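Encoded as structure tokens, the structure appears first; notes follow it.
Residue numbers (this note's numbering): 896 to 1071.
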């Protein structure tokens, strides 16, 4: 695996495939490699998000302390524009955002540390996202803000009209 830091503590993870006439083999997770970088690696929950239509936006979601979670995100079918925002006061990246494309073709993953908000936009129909989390979901700690909150100025690719849940549309502007 090759790790590229996209915001302080957040990493795009590319596979390092070993190829032969059958195809390839690649490790997508190794606790030791994560721990060398100081990344949380104790996965306790995994989820899938299937999205039937291009232009579906899910986010921006996070869990409030003490139920914060790190996550490893990858797209196993289709493609998504994956967005993260650093919400850690005192962090050099505080309130900065970054985005990467995750797809079944690039097979990359994104490590999202605790204290970050996360969301994604589907770039094609039938896109499935797989999450591995270091914390259990806590509904009472679930928080979010709209992707177009002026505090962050997130820019999304133009995919036409966005498909967003009423809950995600109703989030208020972010405040500390």
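The beta carbon of each residue, even a glycine, is placed where N, CA and C say it ideally should be. Just so we're clear, the structure is a prediction, and the values are computed from it rather than from any experiment.
Within 7 Å, strictly: CB atoms of residue i and residue j
| i | j | result |
| --- | --- | --- |
| residue 1045 | residue 976 | no |
| residue 1015 | residue 953 | yes |
| residue 950 | residue 1057 | yes |
| residue 1009 | residue 965 | yes |
| residue 1066 | residue 1040 | yes |
| residue 1003 | residue 955 | no |
Candidates the options: closest to residue i by CA position
| i | options | result |
| --- | --- | --- |
| residue 938 | 1049, 1035, 1031 | 1031 |
| residue 929 | 914, 1005, 993 | 1005 |
| residue 900 | 1029, 995, 1068, 941 | 995 |
| residue 948 | 974, 961, 935, 956 | 974 |
| residue 1070 | 922, 989, 910, 902 | 989 |
Beta-carbon contacts of residue i that lie in its chain and below 7 Å, excluding the five residues immediately before and after
| i | result |
| --- | --- |
| residue 898 | 906, 908, 932 |
| residue 936 | 926, 929, 930 |
Rounded separation between residue i and residue j - CA only
| i | j | result |
| --- | --- | --- |
| residue 945 | residue 925 | 26 Å |
| residue 915 | residue 927 | 26 Å |
| residue 1061 | residue 917 | 46 Å |
| residue 881 | residue 912 | It is not possible to answer for residue 881, since the shown part of the chain is limited to 896 through 1071. |
| residue 1021 | residue 942 | 16 Å |
| residue 998 | residue 972 | 7 Å |
| residue 1033 | residue 920 | 35 Å |
| residue 1000 | residue 981 | 27 Å |
| residue 962 | residue 1007 | 15 Å |
| residue 940 | residue 957 | 15 Å |
Residue i, enclosing beta strand (DSSP E) - first and last residue
| i | result |
| --- | --- |
| residue 1038 | 1037-1039 |
| residue 996 | 992-998 |
| residue 962 | Here residue 962 belongs to no beta strand (DSSP E), and DSSP marks it neither H nor E. |
Contact set for residue i: own chain, Cβ-Cβ below 6 Å, skip 5 residues either direction
| i | result |
| --- | --- |
| residue 1038 | 957, 959 |
| residue 1068 | 1044 |
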